[in-house]
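Some notes on the structure that comes next.
Residue numbers (UniProt numbering): 1 to 1021.
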């Protein structure tokens, strides 16, 4: 059937009229809303999309179509009627068939009204490339299909683009960046027959290839950096974006790429990378808005997964079947909710909690941090081994009864080489400063130091295990005052929910608390200088009561340099109490109402002695020796400190590592119902997991879950996935897909311009093992791609939109490519792959206009430093309710939903933005500075250098003269107005080169701004 598809509007000849190419689109556009798949809105009791119904009898008794008999076919009578009550389409439909369209239907019926399946639902076959008259033009089979079509239309292909144009075009198409002057010159000079292929291979091997390819995929995957609804808080998912980049760079076969994203979590023993890939299913917008109904939110989430999967992999508008059967395509509500069932069993809370790591998530620890963790774990193991060895060496004997009653205070060290686990470190100036020897250190390896000329403090709150306060406890810390820079006063403050518990030494100047009560108590003069001194404060003195808990500690000073170390509590109670008798300790532990010891130790203590096993008795004794025995527990304290400190460090490293959202399936599937009229709470019959009935079924034995669905999509028998994917990649390179409506391969979509070419490419894609780089290389190596984009009046008339591919592609670069080009030619771009999203500058107030005050994205704050703001646009932070304005202005989507085809507009705002946006002005200033330093001494040489760099070709004398003239005139202007010059060159994150004359710098900024806005610079030719 597809061999007959060779149409282009009015050029279709009589003998070539076919149902799929010519008739089905007409009936779909004009008739299917009443006589199509949608049963609820069907009129007349017949369907024109089904042969059996169209050739049968309508409710009226008439036959819609009688093959070969125009007079008996009701459709002919209706479409040619002049009676407004009888004519079809009816007047109130606002649709009218043109005379030539009516003639097509007449000829089709007269020829026998042969029905065919819609072209995209037909099984994929691989046609033979056609023979052509100009066979030597064809570099590969793509050209044979294209040339055959052109020859049939009496046309010929365009000449090849110049080498300069070609390398610029292919470099943009494979990396999204412009070529360097050196790359252009090397290619121009290379006369070898494989010179161009070497360029292509180099570009495919570039890490920037993966970045460029990922950009298109992230549009489809609706990837963003925020939740997308209500508070629109930050969501951490950039690891998924980096996975996509890596997959394209590693040339992962597209079938694996598909399976891992739809069902990476369901693979046997999935890797962390495969789990990250499954985040594709979690990229949709989410919410935690008050008043939201959990079931409704979950329904919306699942619908998004279904429609995105349908669009990305099948090019079908599944969203049209949520409420009713599809009006045009053979898709039913049952099909929709059967697909819905595959995505309805995620093990998660649909309400996102407004958090960045809405479970399920995984955390990725870098290789460097894994090494640090391994070293810390080794030290922990060494400490535990030392504890075991020391316990074995202790010769414990139960004391005489007279000595059992001895009860000694013990130190519980809370702060030494680090703060307690969970502590939130703060200060009123610079962060905590930890130092090591040879600076003063009292205990362990580190102390914390503070130097200030005025009032200063560093403190923490939020300790996971607070200090319990008991009767008679004494708080302590060690302090060292620098004799060369002593403070006037020092203070310790303790937090039990408030900071009103303070002791101070020295002058009474620090303005915290009230004298004469526990809020502020004088403890004496400043300690001696130049030596470690132990400071002690009884808890009763600062009004801390037994039973309270201390979860924060502050160290305060007025001027000077102060070192602090080893702080905690001296106590006789609670876990700090020391014992001489194992028997006494065991008895008290067994009777304790709220013991703090581990549960297994308490359980052993509660057993009668004769019922304890030997192993249990040893476990009990060892715990006593390690934590409670007065003669041994102090020797274990440093080891405990080491273990807890390392565990805290491991936790800190792990918690600082990035997370990403992943998919996770419930153990049992959740039943899926048809939702009447698409309402989440109007549940109809239960439907099983199943693929659309009009497509080939899943293979017998395949898992009936997302994994089975993904495998079904990439099965060679599937008629859509390869076609849709190849078409979208073609769209990336040629600007328009072979099927223009890349989001819709159904009956309302545009038919392919070259159906046989699409099928050949799709079949070859599968044969090549879904090799994306091989396919991209095939595209750009074709003579079709390498044509000049120049157009003659004749070709403009015959092929105005270039659907026949009679010339090379020409269209405005996408938003990301325009910005990345400006950063590249200016020398500002940061060549770094992956990592967290960044926030370049943008106009003030945009986030505030849409943000809730409680949102963590309510206010925009640009990142600082060129290493962030000059990264590729792929890494720009996307707040979905207010996406980056320079991207939106140039037609980039908001990423709130799946987008597989960007629109291209031309508006005055785009030109104004490119001329005035601070990012582009800064790029122009940097480019101008480069021209001054690298372009020679004369205006002409600098203009030539700049144009050559930005156009990727040798500029003409006229172009050089115009830019040089502008720069010269601008220099005179700025020489007379240095304030204006200074204002212009001060824009941006980077500082101007002070060695360059101010007037020159401003003049060449203007010249560069002009060049960066040239049509040829922002257009792919």
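Backbone N, C-alpha and C define an ideal beta-carbon position, used for all residues, glycine too.
Of the residues the options, which one's Cα is nearest the Cα of residue i?
i: residue 491; options: 518, 484, 963 and 958; result: 518
i: residue 499; options: 487, 528, 544 and 476; result: 544
i: residue 921; options: 1006, 955, 30 and 538; result: 1006
i: residue 832; options: 867, 815, 812 and 822; result: 867
i: residue 787; options: 829, 159 and 254; result: 159
i: residue 497; options: 549, 534, 447 and 317; result: 549
i: residue 755; options: 122, 55 and 38; result: 122
i: residue 743; options: 457, 759, 763 and 720; result: 720
i: residue 582; options: 628, 412, 426 and 522; result: 628
i: residue 783; options: 170, 384 and 241; result: 170
i: residue 1025; options: 785, 897 and 461; result: Any property of residue 1025 remains undetermined from this structure, which presents the chain solely from 1 to 1021.
i: residue 332; options: 88, 268 and 678; result: 678
i: residue 253; options: 1009, 861, 804 and 773; result: 773
i: residue 335; options: 687, 735 and 835; result: 687
i: residue 957; options: 939, 973 and 970; result: 939
What three-state label does DSSP hand residue i in the structure shown?
i: residue 973; result: helix
i: residue 405; result: For residue 405, the predicted structure reports a pLDDT of 46, less than 50, and the residue's modelled location is therefore unreliable. A value from the coordinates is still provided. Three-state DSSP puts residue 405 in coil, outside helix and strand.
i: residue 660; result: strand
i: residue 563; result: strand
i: residue 665; result: strand
i: residue 574; result: Note on residue 574: pLDDT 49, under 50, position unreliable in the model; the coordinate value appears next. Residue 574: helix per DSSP, three-state reduction.
i: residue 725; result: helix
i: residue 133; result: coil
i: residue 246; result: helix
i: residue 312; result: helix
i: residue 832; result: coil
i: residue 847; result: helix
i: residue 687; result: strand
i: residue 326; result: coil
i: residue 856; result: coil
i: residue 568; result: strand
i: residue 622; result: helix
i: residue 171; result: helix
i: residue 1009; result: helix
i: residue 1020; result: strand
i: residue 515; result: strand
i: residue 307; result: helix
i: residue 317; result: coil
i: residue 424; result: strand
Name, in chain order, the residues that DSSP records as bridge partners for residue i.
i: residue 228; result: 286
i: residue 456; result: 557
i: residue 468; result: 549
i: residue 451; result: 561
i: residue 532; result: 480
i: residue 538; result: 474
i: residue 434; result: 448
i: residue 234; result: 226
i: residue 503; result: 492 and 521
i: residue 675; result: 683
i: residue 415; result: 567
i: residue 812; result: 1019
Would you please verify whether the beta carbon of residue i is less than 7 Å from any beta carbon of chain D?
i: residue 611; result: Absence of chain D from the displayed structure is noted, only one protein chain being present.
On the premise that residue j lies in contact with residue i, defined as a C-beta separation below 8 Å, what is that separation, rounded to the nearest angstrom?
i: residue 825; j: residue 949; result: 5 Å
i: residue 495; j: residue 428; result: In fact, because the Cβ distance is near 15 Å, the residues do not count as touching under 8 Å.
i: residue 633; j: residue 590; result: Rounded, the Cβ-Cβ distance is 20 Å, inconsistent with contact.
i: residue 450; j: residue 562; result: 5 Å
i: residue 932; j: residue 996; result: 5 Å
Quick check on the DSSP output: what are the complete alpha helix (DSSP H) runs of length 4 or more inside the segment 345-412, in order along the chain? Taking only runs of at least 4 residues, the alpha helix (DSSP H) segments lying wholly in the segment 345-412 are 367-393.
At what residue ranges does the segment 571-612 contain a whole run of the alpha helix (DSSP H), taking only runs of 4 or more? Uninterrupted alpha helix (DSSP H) stretches at least 4 residues long and entirely within the segment 571-612 occur at 582-591 and 599-606, given in chain order.
Kindly provide the ranges of any beta strand (DSSP E) runs that are 3 or more residues long and lie completely inside the segment 731-800, ordered along the chain. The segment 731-800 contains no whole beta strand (DSSP E) run of 3 or more residues.
Let me know the beta strand (DSSP E) ranges lying completely inside the segment 15-72, each 3 residues or longer, listed in chain order. Entirely contained in the segment 15-72, not one beta strand (DSSP E) run reaches 3 residues.
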